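Student: One structure coming up, written as structure tokens, with questions to follow.
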Amino acid sequence: MTSIAELELAPIEVRCISLEKEVTSFQGLTLSGLETLPQQLEPDDVLFVVGNKLSLSPAENLIFAKTAKWLSKITEISDGALICSICTGAFLLGEAGLLDDRQCTTHHRYVSLLQERYPKANVLDNRLFIEDGRIFSSAGVSSGTDLALHLVTRLFGQDTANRIARELVIYRRRAGEDSQLKTVDLTRNHLHPIVHAIQDYIDANLSSDFKFESLASQFNISYRHVARLFRENTGHTLHAYQRLQRMEHARNLLCTTNLNVEQIAEHCGYSSSHAFRLAWRQEMQDTPSQFRNAAGMTSS
1 MTSIAELELA
11 PIEVRCISLE
21 KEVTSFQGLT
31 LSGLETLPQQ
41 LEPDDVLFVV
51 GNKLSLSPAE
61 NLIFAKTAKW
71 LSKITEISDG
81 ALICSICTGA
91 FLLGEAGLLD
101 DRQCTTHHRY
111 VSLLQERYPK
121 ANVLDNRLFI
131 EDGRIFSSAG
141 VSSGTDLALH
151 LVTRLFGQDT
161 ANRIARELVI
171 YRRRAGEDSQ
181 LKTVDLTRNH
191 LHPIVHAIQD
201 YIDANLSSDF
211 KFESLASQFN
221 ISYRHVARLF
231 RENTGHTLHA
241 YQRLQRMEHA
251 RNLLCTTNLN
261 VEQIAEHCGY
271 SSSHAFRLAW
281 RQEMQDTPSQ
291 FRNAAGMTSS
């Protein structure tokens, strides 16, 4: 949100508020100069409730209870303001009664606990973020960024959101219904240095038409050995991994640029736009243009 003001895209003010003027995080970092909790929220305010450690001391539990009481009251008397939680911040929303009869989410590690503590909430597992009326909840810190970009799109438009995403060097804009676990690149969940190096090379050369046999020779091992190592560690063949990465790159270009389909095909290593469309059809139910329109982008 501060990037909006820094880039002079919209006149917004970012304030950090708390029950106390100084807060020490569980990592030992002290935040000072915090503003006191306001008596009312303006209709165009957006309030973010950040996460915390759930194993609170008695003193921290008292602060938690007082803050929840304030949040409940302020939401009741403030029309229009949007309330958002990041990660375990959903527990404060639950304590304030804001999740009653609403869909919500939190980090997958705490989904069951959130549902147990606040049975009136409809806690959904494996979602990045959820919007239910004026209440928003996100799974974790990175998905909080996805939620923030979603709000920027809603409040200031797609072009502003795209500029912010580029400023933050965010490669992919993720939707709220995306899976928390699916968005983790499981193909990188291994410790083999050669396989990581091969993945790095493929990722950096998606537009190139190179031979995997020549890639294997760079590591002074046989193609058969490389193919076996790659499949054992990533769960994919070399060619399948390349197809996945090319398609992922194409989706991101459709969402974040105005390149036409022919240009995207070239950037992603397809021999023609026809070849790209055929590959797209095998993976997706819509067309590239429909996908782009759904993301709020239009080609030039």
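Here the sequence shown is numbered in the UniProt record's numbering, starting from 1 and rising by one per residue.
Using N, Cα and C, we set each Cβ at its ideal position, and we do this for glycine too.
Since the model is a prediction, treat every value here as computed from it, not as a measurement.
Considering His151, what are the terminal residues of the alpha helix (DSSP H) in which it resides?
Tutor: Here the sequence assigns Leu to residue 151, which means His is not the residue at that position. Start and end: Val141 to Phe156.
Student: Assign Cys87 to one of three DSSP states: helix, strand, or coil.
Tutor: Reduced to three states, the DSSP call for Cys87 is helix.
Student: With a Cβ-Cβ cutoff of 8 angstroms, do Asn220 and Val195 count as a contact?
Tutor: No, the pair does not count as a contact, with Cβ atoms beyond the cut-off.
Student: If you run the structure through DSSP and keep just helix, strand and coil, what is Ser112?
Tutor: Of the three classes helix, strand and coil, the one that applies to Ser112 here is helix, per DSSP.
Student: If you scan the region 32-99 from start to end, which runs of the alpha helix (DSSP H) of 4 or more residues do you find wholly inside it?
Tutor: Taking only runs of at least 4 residues, the alpha helix (DSSP H) segments lying wholly in the region 32-99 are 58-77 and 90-95.
Student: What is the DSSP secondary structure of Ser208, counted as helix, strand or coil?
Tutor: DSSP places Ser208 in coil when its eight states are reduced to three.
Student: May I ask you to verify whether the region 47-60 touches the region 72-89, counting CB pairs closer than 8 angstroms and requiring at least 3?
Tutor: As far as the Cβ criterion goes, the region 47-60 touches the region 72-89, which means the pair count is three or higher.
Student: Residue range of the beta strand (DSSP E) that Ile264 falls in?
Tutor: Careful: Ile264 lies outside any beta strand (DSSP E), inside the alpha helix (DSSP H) at Val261 to His267.
Student: So, are the CB atoms of Asp146 and Lys120 less than 8 angstroms apart?
Tutor: Not a contact, by the Cβ cut-off of 8 angstroms.
Student: Hey, Gly140 and Cys87: beta-carbon distance below 8 angstroms or not?
Tutor: In this structure, Cys87 lies closer than 8 angstroms to Gly140 by Cβ.
Student: At a Cβ threshold of 8 angstroms, is Thr237 touching chain C?
Tutor: In the structure shown, chain C does not exist; there is a single protein chain.
Student: My output table needs one value for Val101: the three-state DSSP class, helix, strand or coil.
Tutor: Note that residue 101 is Asp in the sequence shown here, rather than Val. Looking at Asp101 - three-state DSSP - the assignment turns out to be coil, as it is neither helix nor strand.
Student: Find out if the Cβ-Cβ distance for the pair Phe291, Leu254 is shorter than 8 angstroms.
Tutor: Contact flag set, yes.
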